[in-house]
Amino acid sequence: MSAAEAHLLRLAVSCRKLTAHVTAGATDTIVAMASSGEHEFASAARARLYRYPRSRLFWDERVAVRVGEKLGARLRQIGVSDISLHLEDGDPEHLSFPLHYRRPIASMLRSVEGAGVRVVGADELRCDRDPPAA
């Protein structure tokens, strides 16, 4: 697959939502997407919203893994087997996610790989305690 045809995984991470979408490299059209804002996660998000003491993070590692599983299943369904992790301009500064984001994102990428989709560039986001990808 040439660089123009490569599929790029783009992440949008905030304290309220984790969104992962895969775009076709040549056209920048979204071919698959999964988000913690989907209907499946609504009841868990409401529970976190009204919990006391308040949590500043509305998604956790379990939600991130489930988002990765959904994204991997959707990619396999359309026949995509390789994706590249896209960080803005390849800037290594974007690799310095805080640890409370980095662990769940690494788990999400591991679950995408577990679904049979290879993620190029995922090793840069793995934590020291994470097991190496098989």
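Note that the sequence shown covers residues 1 to 134 in the numbering used here.
Ideal Cβ positions, reconstructed from N, Cα and C, are used throughout, including at glycine.
Does DSSP put residue i in a helix, a strand or coil?
i	result
Arg110	helix
Arg10	strand
Arg16	coil
Val185	Past the edges of the chain, shown from 1 to 134, lies residue 185, and the structure says nothing about it.
Ala73	helix
Leu57	coil
His39	helix
His100	helix
Ala45	helix
Asp89	Per-residue confidence for Asp89 stands at a pLDDT of 49, beneath the threshold of 50, marking its modelled position as unreliable; no derived number is given.
Gly116	coil
Determine the burial state of residue i: buried for a count of at least 16 other Cβ atoms within 10 Å of its Cβ, exposed for fewer.
i	result
His39	exposed
Cys15	exposed
Ser36	buried
Val117	buried
Thr23	buried
Arg66	buried
Gly72	buried
His100	exposed
Taking C-alpha atoms, which residue in the options lies nearest to residue i?
i	options	result
Glu61	Ala45, Pro104 and Ala12	Pro104
Val150	Asp82, Arg110 and Leu125	The chain is shown only over 1 to 134; residue 150 falls outside these bounds and no answer can be derived.
Arg138	Gly79, His7, Ala12 and Gln77	Absent from the structure is residue 138, since the part of the chain shown begins at 1 and ends at 134.
Gln77	His86, Thr29 and Met33	Met33
Thr27	His86, Tyr50 and Ala6	Ala6
Terminal residues of the continuous beta strand (DSSP E) containing residue i?
i	result
Ala122	Note, Ala122: premise wrong, no beta strand (DSSP E); not H, not E.
Val31	Ile30 to Ser35
Ser84	Asp82 to Leu85
Whole-angstrom Cβ separation of residue i and residue j, contact assumed at under 8 Å?
i	j	result
Ala115	Glu69	6 Å
Val63	Ala44	7 Å
Could you check whether the Cβ of residue i sits closer than 7 Å to any heavy atom belonging to the ligand SAH?
i	result
Arg74	The ligand SAH is not part of this structure, which contains no ligands at all.
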